[in-house]
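Chains as they are written, first to last, in my numbering: chain A, 44 to 135; chain B, 44 to 135; chain C, 44 to 135; chain D, 44 to 135.
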C-alpha cells in the first residue's frame, strides 16, 4: 500500500499478531486444550481483525477520500472526521 | 482438543486457511496493493473466522453439552438441534 | 415463551427499549439531526440487540438444553456453563 | 436529516420495518412461541439493522464526504466508490 510508513508499520504489527494468534489456535487444536478455551482464542482473534479493519478503513478515508486534519473544505473535513468516529464505534 | 479425529482435521484445515489469509494480508500490506483490496482480503478472513467459530461452537454443543443425534432425552436433543441452527444463522 | 416469569420480564424490558430506540431513529430521520448522530443511535440499537440475543441464547441453553446449576451430569453442566460464557464473549 | 427526499423515504421504510420486527419479537415473547423461533426473529432484525447501517453510511459518504458520481477530483471519487463497496461488504 502507498500509505505513510508509520501507518504501514502499525498495520504490519497488527496483522503479524493476528497471524501469531492463528498459529496459537492451530497448536491449541492439536493439543489437549479444551474446546471453550480454543473458542476464547478465536474470539480474541476476531477482536484483533475488527481493530485492523477499523484502522485500514480510517487510513483509506484519510489518504484516499478526505483527511479531516488537512482538507481545505471544512464541511468535507467534518464529514470525514464523523465517518472515522462512526467506523471506530461500529468496529470496536 | 478431544473431539473426533474427522472433526479435528476439518477444524485444522479451516485455521490453516485463515493463517494463509493472514500471510496474504501481510504480503499485500508490503506490496503496492490498493487499500480497498486489502480491506476485501480482511473481510474474507473475517468470514472464515465466523465459519470456524460456528463449527467450534457446534462441536462444543455436540461433544460437551448434548448431541442432537444421540441424546436419550428427546427434549434436550431438540433443544440442542435448535441451538446449533441458531448459532449457524448468527455466524453465517 | 415458556420460560420463568422473571426471565421473561427482563427480556420484555429489553425488547421494549429496542422498540423505543427504533422510534427514536425514526424521529431523528424526520428531524434535522445529523447523519452521524443517527448512525450513533443505530449503533446503540445494534448493541442492545446483541445483548438481547445473548440473553435469549443463555435462556435457551438453560431451559431447553442443560442448566449448568442443576444438571445431574457434571460434565454436561460444565459444558453448558462454558458455552454460556462463550456466547456472552461473542455477543458483548 | 438533510439528505435527498428519495433517500430519506427509503431510510424511513427500513426503520419502520425494524420497529415492526421489534413489535413482533415483543408479541412472540408474550405468546407461546418457541425460544429458537424468537431467536430467528431477532436474527432477521439484526440483518435489517446492518442493512440500515450500510445505507446510512453510504449516504453519509455521498452527501457529507465525497460523491463518487459527481466529485470533480477523480482520485477522491474513486476512493469514495471503493469505500462504499467496502462498507457494503462488511455489513451485508
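We put the CB at the ideal spot given by N, CA and C, even for glycine.
- The beta carbon of residue 111(C) sits closer than 6 Å to the beta carbons of 120, 123 and 124 from its chain, once the five residues preceding and following it are set aside; these are given in chain order.
- Residue 125(A) belongs to the set of residues whose beta carbon lies under 7 Å from a beta carbon in chain C.
- Per DSSP, residue 51(A) is one residue of the alpha helix (DSSP H) stretching across 48-73.
- Taking 7 Å as the cut-off, the beta carbon of residue 92(D) is found closer than this to the beta carbon of residue 89(C).
- Put simply, the backbone Cα of residue 100(B) is about 8 Å away from that of residue 126(C).
- Just measuring C-alpha positions, the residue of 67(B), 78(B) and 54(B) sitting nearest residue 74(A) is 54(B).
- Apart from the 5 residues on each side of it in sequence, residue 95(C) sits with its Cβ closer than 8 Å to the Cβ of 54, 57, 58 and 61 in its chain, given in chain order.
- Beyond the five residues adjoining it in sequence on each side, residue 108(C) comes within less than 7 Å, by CB distance, of 123 in the same chain, given in chain order.
- In this structure residue 72(C) does not touch residue 49(D) by the C-beta definition: roughly 13 Å separates them, more than the 8 Å allowed.
- Within the same chain, and ignoring the five residues on either side of residue 84(C) in sequence, the residues whose Cβ sits closer than 8 Å to its Cβ are 64, 67, 68 and 71.
- For the region 106-130 of chain C, residues whose beta-carbon sits nearer than 9 Å to a beta-carbon of chain B comprise 106, 107, 108, 109, 118, 119, 121, 122, 123, 125, 126, 129 and 130.
- Taking a C-beta cut-off of 7 Å against chain B, none of the residues of the region 53-69 of chain C qualify.
- Only those residues of the region 69-82 of chain C whose C-beta falls short of 8 Å from the nearest C-beta of chain B would be listed, and there are none.
- Taking 8 Å as the upper bound for CB-CB distance, residue 129(B) and residue 79(D) are in contact here, some 6 Å apart.
- Interface residue (Cβ-Cβ distance to chain C less than 7 Å): residue 132(A) is classified as such.
- Sequence-distant partners of residue 104(D) (beyond 5 residues in either direction) whose C-beta falls short of 7 Å from its own C-beta, in its chain, are 123, 126 and 127.
- In this structure, the CA atom of residue 81(D) is about 48 Å from the CA atom of residue 116(A).
- In this chain, residue 108(D) is not harboured by any alpha helix (DSSP H), its DSSP state being neither H nor E.
- Residue 86(C) places its beta carbon 7 Å or farther from that of residue 134(C).
- For residue 92(B), the secondary structure class from DSSP, reduced to helix, strand or coil, is helix.
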